[in-house]
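Student:
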Amino acid sequence: MEIKLNDKTVQLNFGVRFVRELDKVAGMSVNGQSFGFGLTKSLPALQAYDPAVLSDVIYSAAYGVKPRPTQNAIDDFIDNCENLEKVFDEVQKEINDSNAVKVAAKNMKP
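So this note's numbering is basically just the index in the sequence shown, starting at one, shifted up by 49.
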């Protein structure tokens, strides 16, 4: 999936490394010990159209972009997006189609 951020095309990837990056951004930490769960926490919030979670997901999926977009740039993209619902839907579709993530996403659906 690609998005346009500050006139630059940004490639988003939703594989295993995305999950690891999301764990860093949105995972659980107890007493300094990381427990992951970034995907587990983020998928329901993404389905509820939470813009802060969308920002975390996009940031995590942009792990391979050099230079990586900042969280502030992604927040600005979301704040100024003309069709934010479409972005949510496209991100959720990409997650549901991703080989590394689709089983987890499927098992989390009610």
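Using N, Cα and C, we set each Cβ at its ideal position, and we do this for glycine too.
(1) Given that a residue counts as buried once 16 or more other Cβ atoms are within 10 Å of its Cβ, and exposed if not, what is residue 110?
(2) Sorted by chain position, which residues of the same chain lie with C-beta nearer than 7 Å to residue 94's C-beta, five sequence neighbours on each side aside?
(3) Based on Cα-Cα distance, which residue from 56, 148, 66 and 53 lies nearest to residue 113?
(4) Just to confirm before moving on: does the CB-CB distance between residue 86 and residue 76 stay below 7 Å?
(5) In chain order, what residues of the same chain have a beta carbon less than 6 Å from the beta carbon of residue 90, not counting five sequence neighbours either side?
Tutor: In brief:
(1) Counting from 1 along the sequence shown, the entry for residue 110 is found at position 61. Under this definition residue 110 is a buried residue.
(2) Counted from its first residue, the sequence shown places residue 94 at position 45. Cβ neighbours of residue 94 beyond the five flanking positions: 102.
(3) On the sequence shown, position 64 is the one that residue 113 refers to. Out of 56, 148, 66 and 53, 66 has the C-alpha closest to the C-alpha of residue 113.
(4) The sequence position of residue 86 within the sequence shown is 37, counting from 1. The sequence position of residue 76 within the sequence shown is 27, counting from 1. Judged by beta-carbon spacing, residue 76 lies within the 7 Å limit of residue 86, meaning their Cβ atoms are closer than that value.
(5) Taking the first residue of the sequence shown as 1, we reach residue 90 at position 41. Excluding sequence neighbours, residue 90 sits near 75.
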